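Number of protein chains: 2
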Amino acid sequence: MDAYKFIKDSIIQGKFEPGARLAEETLAKTLSLSRTPIREAIKQLEAEGLVIPLKRGVGVRNFTREDIRQIYDLRTILESYAAGQAAIHRTAEDLERMQDANNRYEKVIQTYVESDIDRIGEITEVNQEFHEAIVAAARNDHLYFHISKVVVVPLVFRSFYWYNQFQILQSLEVHKTILEAITNQEPERARIAMHEHIYQGRDHVLTNFEKITSPS
Amino acid sequence: MDAYKFIKDSIIQGKFEPGARLAEETLAKTLSLSRTPIREAIKQLEAEGLVIPLKRGVGVRNFTREDIRQIYDLRTILESYAAGQAAIHRTAEDLERMQDANNRYEKVIQTYVESDIDRIGEITEVNQEFHEAIVAAARNDHLYFHISKVVVVPLVFRSFYWYNQFQILQSLEVHKTILEAITNQEPERARIAMHEHIYQGRDHVLTNFEKITSPS
DNA sequence: CTCATCCTGATTGTATACAATAGAAAAATA
DNA sequence: TATTTTTCTATTGTATACAATCAGGATGAG
């Protein structure tokens, strides 16, 4: 496995303490590599802002409540624009991809609601696929590039754990609205729906921030 | 001088042919460094999208007309949002910084119009300072981070060379309007003015794209 | 003359070696 | 005991060494 992906995933999955220094030698041994490729991977993560330089070496960035607020504001702007553009530019394949993602989203949510067993990992994943399909349909590679960097950060907090069933069912409804607007080529409606959708996510993460960040 | 800044500046100043491969050994010798720090700098530039991986090594990214269109669309969204937020959050120091930048902008444009000698380098620089002051006043570090990556790309084309005096004087007027709106805390007016301002820049670069990219 | 194949050299990718120093532990002073 | 100074060690930052492979030219066949 390549070093970049491994370290990035480790950070997202919270395998380091907040602010913990990344020990190069340790990572090198874990991945059976020398320090050279490890350092290069770290430099990339640094350029993305997931990791910050210390006096020597780097540590995983400790995102504050204010960071999360800013990131969600930014994501709201970018992704609602993307939804509007997607409603203009979407092709048949785009729609198929969105529908497929959303069908799987509905399915996993149903089994979750019926059985109440833990499906949060899957829900998070399929949700991401839906959002990504929309951004891809906006036909702007640079927009896609920047959104994918912005979206990564809140994953650290795995906020879906704190949604209740009602909220999750509600987000499914919103997804359907967005999909409908994009299908019918209604940019403004798609934009507004996405704007509210992500703003709801923002509110949720901010009201649960202490719960989310404090050790369970 | 550190390798990252040197290579980045070299790319922006067009010191490499479009698509040219970055020879590590050469850069290392130029900067009296070993290849290790050079490679790390390159990895950062790669993460920012200024440089793309080849089969072996990397080359400077060759931005197309479509890239420029996408980048300006993105910048329009981000920076008009920033202007709106700046109108809400600006402090006295923010306003001072913007005014200072814009005064210098006016001054250098005046001497340019009067004498018609080449001041394009300065004009570009002071223009950037004004825009940066606004983004900083929006009080969103992550927005700032992403905008600064987006803004860099078009600099490669040094499009200011192709503005005529009328256009430059017009952009000064728009700056004044934006500054006024931010001073008076009129977010919507600031947002719209900035939106149109950057969209004008977009049009300009796109209509002059062939002139700009073909070797003079 | 054109195209395919095979070599050769140059350049990258990775590993190791060495030098510099931050930070912790130990010692010393008040 | 608390606080400063000193020493030492672990880890980073940089340089070099070696291995892998791509690119371009030479050779040869059609």
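So the protein sequences, as listed, match chains A and B.
Sequence positions in the first sequence follow full-length UniProt numbering and run 1 to 216.
Sequence positions in the second sequence follow full-length UniProt numbering and run 1 to 216.
Glycine included, C-beta positions come from ideal geometry on N, C-alpha and C.
Keep in mind it's a predicted model, so treat the numbers as computed, not measured.
For residue i, which beta-bridge partners are listed by DSSP?
i        : result
Gly59(B) : Arg21(B) and Ile52(B)
I need the straight-line Cα distance from residue i to residue j, nearest angstrom please.
i         : j         : result
Gln13(A)  : Gly14(B)  : 41 Å
Pro53(B)  : Thr183(B) : 45 Å
Phe145(A) : Thr177(B) : 32 Å
His142(B) : Asp118(B) : 36 Å
Gln110(A) : Arg158(A) : 20 Å
Arg104(B) : Gln128(B) : 12 Å
Tyr112(A) : Gln167(A) : 13 Å
Asp94(A)  : His204(A) : 29 Å
Pro37(A)  : Lys8(B)   : 22 Å
Glu173(B) : Leu206(A) : 41 Å
Arg65(B)  : Lys211(B) : 12 Å
Ser216(B) : Ser80(B)  : Interpretation of Ser216(B) is limited by its pLDDT of 47, a score under 50 that renders its predicted location unreliable; the figure taken from the coordinates is listed afterwards. So the alpha carbons of these two residues sit roughly 33 Å apart.
Val58(B)  : Ser34(B)  : 17 Å
Arg90(A)  : Thr213(A) : 38 Å
Phe209(B) : Ser115(B) : 27 Å
Lys29(B)  : Ile198(A) : 49 Å
Lys107(A) : Ser148(B) : 41 Å
Thr124(B) : Phe160(B) : 7 Å
Glu196(A) : Glu46(B)  : 34 Å
Ile68(B)  : Asn164(B) : 21 Å
Leu74(A)  : Ala82(B)  : 10 Å
Gly100(A) : Ile134(A) : The sequence given here has Asp at residue 100(A), not Gly. Approximately 12 Å, taken between the alpha carbons.
Tyr72(A)  : Val152(A) : 11 Å
How would you call residue i, buried or exposed, if buried means at least 16 neighbouring beta carbons within 10 angstroms?
i         : result
Met98(B)  : buried
Ser171(B) : buried
Pro18(B)  : exposed
Thr76(B)  : buried
Gly49(B)  : buried
Lys43(A)  : buried
Gln85(A)  : buried
Met1(A)   : exposed
Asn140(B) : buried
Ala20(B)  : exposed
Arg56(B)  : exposed
Gln70(A)  : buried
Leu23(B)  : One point to set straight first is that residue 23(B) is Ala, not Leu, in the sequence displayed. Per the 10 Å Cβ criterion, exposed.
Ala193(B) : buried
Gly121(B) : exposed
Asn62(B)  : exposed
Asn102(A) : buried
Ala92(A)  : exposed
Does chain A have any CB closer than 8 Å to the CB of residue i?
i         : result
Leu54(B)  : no
His131(B) : no
His142(B) : yes
Glu196(B) : no
Lys43(B)  : yes
Glu24(B)  : no
Glu46(B)  : yes
Ser216(B) : Unreliable placement is indicated for Ser216(B), whose pLDDT of 47 sits below 50; the coordinate value is still reported in the next sentence. Chain A, which has no Cβ nearer than 8 Å to the Cβ of Ser216(B), makes this no.
Does residue i have its Cβ less than 8 Å from a Cβ in chain B?
i         : result
Ile77(A)  : yes
Asp73(A)  : yes
Gly49(A)  : yes
Lys107(A) : no
Phe145(A) : yes
Arg39(A)  : yes
Tyr81(A)  : yes
Gln200(A) : no
Gln170(A) : no
Gln70(A)  : yes
*Which residue spans inside the stretch 178-214 of chain A form an unbroken alpha helix (DSSP H) run of at least 4?*
187-207 and 209-213
*Scan the stretch 30-111 of chain A and note each continuous beta strand (DSSP E) run of 3 residues or more that stays entirely inside, going in chain order.*
As for any beta strand (DSSP E) of minimum length 3 sitting wholly inside the stretch 30-111 of chain A, the runs are 51-53 and 58-60, ordered along the chain.
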